[in-house]
Structure formats: C-alpha cells, structure tokens
C-alpha cells in the first residue's frame, strides 16, 4: 500500500483513484443463505481437527504445533479418511 504522501498507492489522491478504478482491485461480496454450513466441507474437517487433536494438546512453539497437525493429518488419512457424505436433501415444501 505504501506510506501516506510518500510512496505506493497512498502517495496521492490520483494514485488512489487509479488503484480503485482498476477492475482487478474490486471487492465482490457474495451473500449466502443462513444455515448453509453443510455446503462448506472444510468446516467438517476443522471440526474433526479441533475435537480429535487441538483440544487435547499442549505445545511450546508454532513449529511443534505444525508438526503435530501434520502428523495428525497423516494418521487420519491412513486410518479414518473417507469421503464426506452429504445428507441434506433440501427443505420440505411448506404447503
């Protein structure tokens, strides 16, 4: 981003306007319905990781944490991994 009045995007109002008018810098908000966490399978994986590993360990460094997570992933993949089954069949019609 730079420093205000010195360099980069923040150097001047013109540099800011140029940056913001570039289509590749647009922010796109995507709204999804509430109660659709079943769509996000990574939530299932993080839930497994937290319940089976992270709630039960003590670590002294980020390197140790990283190694324990990698070891858990290897163990999980060898012994428990299987495709997630989607059970949601849609909402019942309200008539």
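Numbering (my numbering), first residue to last: 58 to 152. Ideal placement from N, C-alpha and C gives every residue a C-beta, glycine not left out.
Find out if the Cβ-Cβ distance for the pair residue i, residue j is shorter than 8 angstroms.
| i | j | result |
| --- | --- | --- |
| residue 101 | residue 76 | no |
| residue 73 | residue 66 | yes |
| residue 125 | residue 106 | no |
Helix, strand or coil for residue i per DSSP?
| i | result |
| --- | --- |
| residue 58 | coil |
| residue 74 | helix |
| residue 133 | helix |
| residue 110 | coil |
| residue 69 | coil |
| residue 125 | helix |
| residue 89 | coil |
| residue 141 | coil |
| residue 118 | coil |
| residue 80 | helix |
| residue 64 | coil |
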